[in-house]
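Add 10 to the 1-based position in the sequence shown for this note's numbering, that's all there is to it. See below for the structure under consideration.
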Amino acid sequence: MDPRDTTPALARQRFLRGMWEIVDQHGPPNGQTHQVGEAAKERLLSQGAVPEDLRAFGRVVAFESLFAALHLLDDPGPGEPGWALVETSGGEPTGRRVQGLYEDLGPDR
Numbered sequence: 011m012d013p014r015d016t017t018p019a020l021a022r023q024r025f026l027r028g029m030w031e032i033v034d035q036h037g038p039p040n041g042q043t044h045q046v047g048e049a050a051k052e053r054l055l056s057q058g059a060v061p062e063d064l065r066a067f068g069r070v071v072a073f074e075s076l077f078a079a080l081h082l083l084d085d086p087g088p089g090e091p092g093w094a095l096v097e098t099s100g101g102e103p104t105g106r107r108v109q110g111l112y113e114d115l116g117p118d119r
């Protein structure tokens with residue numbers, strides 16, 4: 011598909027689909043993310059997991075998801091529309107794109 015033929019609604023849908031693919035990499039895509047996650051958290055706590063370990067694991071998952079989302083912004087994949095994060099000043103675009111953020115994202119800060 012020619013990217014110039016992409017409507018804003020279609021581009022938006024494709025971007026969100028890409029974001030959901032990132033979420034789905036970390037669990038079953040069942041449409042019940044919060045319910046299933048809360049139930050899993052309660053089971054783990056009842057079996058002796060400590061909240062600090064769950065938060066540490068959550069941070070790893072969040073980091074991996076953020077890295078993947080930033081990478082998707084720069085490289086949506088062949089044949090897909092692209093997106094751009096642009097810098098603004100006073101609410102107006104400066105004309106400068108912000109790219110490669112995933113390259114500078116380290117697991118620790």
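Even for Gly, the Cβ is constructed at its ideal location relative to N, Cα and C. From a predicted model like this one, the values you see are computed outputs, not experimental measurements.
Fully enclosed alpha helix (DSSP H) runs of no fewer than 4 residues occupy 43-56, 61-84 of the stretch 32-113, in order along the chain.
Taking a cut-off of 8 Å for Cβ pairs, the stretch 18-32 and the stretch 54-65 do not touch, as fewer than three such pairs fall below it. DSSP places Pro18 in the helix class (H, G or I) of the three-state scheme. Within a 10 Å sphere around the beta-carbon of Pro117 sit fewer than 16 other beta-carbons, which makes this residue exposed. The alpha-carbon separation between Val71 and Ala79 amounts to approximately 12 Å.
Here Gly116 carries a coil assignment [DSSP, helix/strand/coil]. Apart from the 5 residues on each side of it in sequence, Gln109 sits with its Cβ closer than 6 Å to the Cβ of Asp84 in its chain, given in chain order. Phe25 and His81 have their C-alpha atoms some 12 Å from each other.
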